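Heads up, the thing below is written out as structure tokens.
Structure (structure tokens):
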């Protein structure tokens with residue numbers, strides 16, 4: 001049986017993408033909507049706070065609250081989180097249809113993504129990815145993030161399958177290189193047309 005791992009951002013969700021020309025950032029109207037500096041968010045929150053959050057060491061709520069306090073903002077962490085989740089949820093219907101078609105062909109489809117607990121739960125339950133995918137493997141739950149090879153080693157262990165039976169569909173060339181060294185198949189996602197005819201699915 002063949003297993004297919006789908007990345008989220010840049011594949012299932014049109015948002016952050018390894019290719020800058022394809023990025024659709026949830027922060028584009030942040031300053032106008034909430035009065036929160038995008039520069040501070042990127043330079044302080046994502047650089048100093050988020051690395052611990054993505055690995056599950058600190059909750060998104062606590063990390064964001066500490067950041068907002070540090071910069072002197074009166075915003076509540078929950079307000080920023082709700083804004084983030086709503087704005088960063090543009091499903092790529094082409095990618096989702098690809099996953100559903102592979103499922104119909106007998107593949108088992110999963111999600112493999114760098115997420116913290118809150119957004120992972122939102123994607124799985126609120127956006128309904130649990131209706132199409134068997135599992136969501138994510139950084140905060142595994143305690144390690146892509147492109148670290150340990151992320152994919154843990155996924156293979158949990159699936160209890162051979163690397164040669166697993167394919168990763170991702171927007172990051174670095175992630176593709178890592179899985180190929182493990183013996184998995186890696187496919188850079190652009191559109192479903194560039195994936196569905198790949199020899200792995202024959």
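Numbering (the working numbering), first residue to last: 1 to 202. Beta carbons are placed, not taken as given, at the ideal position from N, Cα and C, and that holds for glycine. Just so you know, these numbers come straight off a predicted model, no measurement behind them.
query: Assuming residue 171 and residue 10 form a contact by the criterion Cβ under 8 angstroms, report the distance between their Cβ atoms to the nearest whole angstrom.; result: 3 angstroms
query: For residue 110, report the span of its beta strand (DSSP E) as first-last.; result: 108–113
query: What ranges does the alpha helix (DSSP H) occupy inside the segment 131–189, keeping only unbroken runs of at least 4 residues that lie completely in it?; result: 139–142, 149–159 and 173–182
query: So, with DSSP's three-state summary, where would you put residue 117?; result: helix
query: When the Cα atoms are used, what is the spatial distance from residue 48 to residue 95?; result: 32 angstroms
query: Hey, quick one: how far does the beta strand (DSSP E) through residue 6 stretch, first residue to last?; result: 3–6
query: Please say whether residue 133 and residue 110 have beta carbons closer to each other than 8 angstroms?; result: yes
query: Taking 8 angstroms as the threshold (C-beta atoms), are residue 168 and residue 5 in contact?; result: yes
query: What is the C-beta distance between residue 90 and residue 24, in whole angstroms, given that I count them as a contact (C-beta under 8 angstroms)?; result: 7 angstroms
query: Let me make sure I understand the geometry here. Which of 27, 152 and 104 has the alpha-carbon closest to that of residue 201?; result: 104
query: For residue 18, report the span of its alpha helix (DSSP H) as first-last.; result: No alpha helix (DSSP H) holds residue 18; DSSP gives it neither H nor E.
query: What residues in its chain sit with their C-beta under 7 angstroms from that of residue 122, if we drop five residues either side in the sequence?; result: 85
query: Quick check: what's the CA-CA separation for residue 152 versus residue 102?; result: 21 angstroms
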